[in-house]
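**Student:** Please see the structure below; I have some questions.
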Amino acid sequence: RGSSVLSMSVGLGMCVSAQSNLSDVQRDIRNMRMAGSDISEEEIDEKIEEAYEKCAHDPEVKTEYANLELKRDHPESAEHLAQELLEENEQNVRAMNILARSYMKQGKQNQAIGILEKADVLSPKNTDRLVELGNALFKNGDLGKAKKCFASVLEIDDQKTEAAAGMGKIHL
89 RGSSVLSMSV GLGMCVSAQS NLSDVQRDIR NMRMAGSDIS EEEIDEKIEE
139 AYEKCAHDPE VKTEYANLEL KRDHPESAEH LAQELLEENE QNVRAMNILA
189 RSYMKQGKQN QAIGILEKAD VLSPKNTDRL VELGNALFKN GDLGKAKKCF
239 ASVLEIDDQK TEAAAGMGKI HL
């Protein structure tokens with residue numbers, strides 16, 4: 089059984105077999121987003137929706153759809169999809185990130201922190217994740233750990249405005 093991936097370019101939206109390191113879904117969505125004004129976010133969202141209708145079993149499609157559900161403010165649905173992805177691969181860091189963001193949208197800071205910390209062990213120095221972790225720790229009242237997260241981000245990327253904003257909240 090070959091891996092099933094999606095070709096979303098030019099609206100084909102069908103599953104095809106492929107063997108590649110970077111999935112066709114990720115590449116095509118990235119290319120669509122990089123096209124800028126030629127393709128709207130709504131069109132990209134529609135392609136993701138179409139892909140999910142046809143290839144809901146595909147992990148990359150499911151991941152993109154879970155992100156779309158978060159964007160649409162459906163954190164419970166995103167949580168469910170992320171949990172399914174983690175059942176298939178417990179070290180799926182993208183699914184962990186989605187799960188953590190869905191928990192944060194639902195006010196489940198402790199659960200989000202646990203997932204983000206686990207993801208950070210598997211894939212350290214991801215500045216976006218460290219900012220998310222810092223924000224979750226801040227919301228949970230753990231200012232010392234939040235400050236460490238934001239400081240770590242700024243050591244990696246001193247232009248990361250989200251981390252600088254996080255540090256600013258702590259120092260107020």
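Under this note's numbering, think of the first position of the sequence shown as 89, with each following residue one higher. For every residue, glycine included, the Cβ atom is placed at its ideal position computed from N, Cα and C. Quick caveat, the model's predicted, so the values are computed rather than measured.
(1) Given residue 108, which residues of its chain have a CB within under 7 Å of its CB, disregarding the five upstream and five downstream residues?
(2) Pull up the distance between the alpha-carbon of residue 233 and that of residue 134, whole angstroms please.
(3) So, with DSSP's three-state summary, where would you put residue 212?
(4) Residue 165 lies in the alpha helix (DSSP H); which residues open and close that run?
(5) By DSSP, does residue 206 sit in helix, in strand, or in coil?
(6) Going straight from the alpha carbon of residue 128 to that of residue 147, what length do you get?
(7) Give me the Cβ distance between residue 224 and residue 192, rounded to the nearest whole Å; I'm assuming they're in contact under 8 Å.
(8) According to DSSP, simplified to helix, strand and coil, what is residue 144?
(9) Residue 164 to residue 177, Cα distance in whole Å?
(10) Keeping to the same chain, check which residues put their C-beta closer than 7 Å to that of residue 171; ignore five residues upstream and five downstream.
(11) Could you check if residue 246 is buried or exposed, using at least 16 other CB atoms within 10 Å of its CB as the buried criterion?
(12) Buried or exposed for residue 154, please, with buried defined as at least 16 other CB atoms from any protein chain shown within 10 angstroms of its CB.
(13) Would you mind working out which of 168, 211, 238 and 219 sits nearest residue 194, comparing C-alpha positions?
**Tutor:** Taking the definition as stated:
(1) Confidence at residue 108 is low in this model, with a pLDDT of 39, below 50, so the placement of that residue should be treated as unreliable; the coordinate-derived value is given next. There are no such residues.
(2) 39 Å
(3) coil
(4) 163-176
(5) helix
(6) 24 Å
(7) Indeed they touch by this definition, with Cβ atoms about 6 Å apart.
(8) In the three-state reduction of the DSSP assignment, residue 144 falls in the coil class, being assigned neither a helical nor a strand state.
(9) 20 Å
(10) 187
(11) With fewer than 16 other Cβ atoms within 10 Å, it is exposed.
(12) buried
(13) 168
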